Amino acid sequence: GFYTNLLVFQTPEYILAQTNNKTEIFCQLKREHTGVYWYRWSQERQNFDFLIFSTPSGKATYGPNISQDKFSVRGVSYHTSYSLHISHLHASDNGTYYCSISQSSQLLLGRGTRLGVVDVLPLPPKTTQAPLSKKPRQCIPKSKAADKKGACSPLVWVPLATGVLLLLLS
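So for the sequence shown, UniProt numbering puts the first residue at 1; every next one is plus one.
Structure follows, in structure tokens:
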């Protein structure tokens, strides 16, 4: 059997990549293991493919009909951190990729990384932003020699005080 667990932490959760490019999926193990297995679940084909098993020393065992040019595993940190590299991306690479370890006759899987391969990445529409209008400055500080507080001129204070007075009286 197999199930997801807390011993295998996988990132990212989702990748959207362009055809013919490459991508990378990370797998962090909570403790040292003899190696890591990578699988792909294809929703379209409804099957679970064994891709590759990699030992901490870098020895790789590939699944049937799995291209060594397309898939490779690198040990990022000895025994506990691995990354799956997928190159020459194609629509047939769509699916959910799982990093897993074998323990007590079970496969313990990470949460999975959904990979979507598209010809063109969907970019947000370009928006044109109106230039910010500069509002006229109504508060003109007095010269620094006269007053360091930067007081406003009577042209601003008189109408403001009149408005406040009218509000209080009404």
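Ideal placement from N, C-alpha and C gives every residue a C-beta, glycine not left out.
The model shown is predicted, which means the values in this text are computed figures rather than measured ones.
Confirm, please, whether the CB-CB distance from residue j to residue i is below 8 Å.
i, j, result
"F53", "G35", "yes"
"R74", "S83", "yes"
"S100", "Y37", "yes"
"L29", "T80", "yes"
"G95", "S42", "yes"
How long is the line joining the alpha carbons of residue i and residue j, rounded to whole angstroms?
i, j, result
"Q103", "G110", "13 Å"
"A60", "K126", "45 Å"
"I66", "L123", "32 Å"
"residue 233", "G58", "Here the chain covers residues 1 to 170 and nothing more, so residue 233 does not appear."
"I25", "V8", "13 Å"
"H85", "S72", "5 Å"
"A145", "T128", "Its pLDDT being 47, under 50, A145 is placed unreliably by the model, and nothing is read from it."
"P64", "L51", "8 Å"
"T23", "V118", "13 Å"
Quick one: grab the DSSP three-state call for residue i.
i, result
"S92", "helix"
"residue 171", "A query on residue 171 cannot be resolved here, the shown segment of the chain reaching from 1 to 170 and no further."
"D119", "coil"
"S67", "coil"
"S83", "strand"
"G58", "coil"
"G112", "coil"
Classify residue i: buried if its beta carbon has 16 or more other beta carbons within 10 angstroms, exposed otherwise.
i, result
"H33", "buried"
"Q10", "buried"
"D93", "buried"
"R45", "exposed"
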